[in-house]
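Heads up: the sequence shown begins at 649 in the working numbering, then just goes up one per residue.
Even for Gly, the Cβ is constructed at its ideal location relative to N, Cα and C.
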Amino acid sequence: MTKSPITSPLGDAEKEATGAVLQATLVDLIDLSLIAKQAHWNVVGQNFRSAHLQLDELVSAARQYTDDVAERANAIGVSPNGKAKTVVKSSGIPDYPANWQTVEATVAAIVEILGEVIKRLRERIEETDKTDLVTQDLLIEIAAELEKQHWMWQAQTA
Ligand SMILES: [Fe+2]
Numbered sequence: 649m650t651k652s653p654i655t656s657p658l659g660d661a662e663k664e665a666t667g668a669v670l671q672a673t674l675v676d677l678i679d680l681s682l683i684a685k686q687a688h689w690n691v692v693g694q695n696f697r698s699a700h701l702q703l704d705e706l707v708s709a710a711r712q713y714t715d716d717v718a719e720r721a722n723a724i725g726v727s728p729n730g731k732a733k734t735v736v737k738s739s740g741i742p743d744y745p746a747n748w749q750t751v752e753a754t755v756a757a758i759v760e761i762l763g764e765v766i767k768r769l770r771e772r773i774e775e776t777d778k779t780d781l782v783t784q785d786l787l788i789e790i791a792a793e794l795e796k797q798h799w800m801w802q803a804q805t806a
């Protein structure tokens, strides 16, 4: 089914632009949730337990927002696509290395990846300023939480 069975509160141009923003955010967040789990499983070294647990907080946030973003897409009449193959093709965040990683390497990688996710989110907050303020509000909420977690990861490198 390609015609939307859901009416949109937005005009066609706004719906298309906002749908693209939500789809791009969806794949970034799915990728982030998978990377954070990968890191959770593979972190080793001093303070292992703290990093291991903190990574699951990131997984939880990413998973929750993945659902919120996909369901917001539906609410504006756009079908969300969260398939693994779609994520591989369209996620824009840096890759995470395979194999075990020290706490130090893990923190550095997570700081970089979160920084990129946040940068892309902030660009989309700008874009949705003119297309849909309700979606913008959701993106702001996500950015606030991820920026808080970004701080907490950076605080470990001081
Ligand atoms: Fe676990």
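Please say whether residue j and residue i have beta carbons closer to each other than 8 Å?
| i | j | result |
| --- | --- | --- |
| S739 | R711 | no |
| H691 | L701 | The residue you asked about is not His; residue 691 is Val in the sequence shown. In this structure, L701 does not lie closer than 8 Å to V691 by Cβ. |
| A721 | L781 | no |
| I766 | A791 | yes |
| E775 | P742 | no |
| E705 | Q784 | no |
| I678 | V735 | yes |
| A718 | E793 | no |
Thinking C-alpha only, which one of the options is nearest residue i?
| i | options | result |
| --- | --- | --- |
| D676 | D780, L787, E664, G659 | L787 |
| T650 | G659, A756, D716, P728 | P728 |
| L762 | E775, T673, E662 | T673 |
| R697 | V765, V751, Q797, V669 | V751 |
| Q749 | K731, I683, K733 | I683 |
| E795 | D780, A661, R770 | R770 |
| T666 | K778, M800, I741, A699 | K778 |
| T655 | E774, G725, K733 | G725 |
| L658 | A699, Y744, A723 | A723 |
| T630 | A806, M800, N695, E789 | In the structure displayed, the chain extends from 649 to 806; residue 630 sits before or after that span and is not available. |
| W801 | A753, R772, A661, E664 | A753 |
Within 8 Å of any Cβ in chain B, is that where the Cβ of residue i sits?
| i | result |
| --- | --- |
| S681 | Among the protein chains of the structure shown there is no chain B, as only one such chain exists. |
Is any heavy atom of ligand 1 found at a distance shorter than 7 Å from the C-beta of residue i?
| i | result |
| --- | --- |
| H798 | no |
| D704 | yes |
Sufficient close CB pairs (3 or more, under 8 Å) joining the segment 678-697 to the segment 752-760: Contact between the segment 678-697 and the segment 752-760 is present, because at least three Cβ pairs lie under 8 Å.
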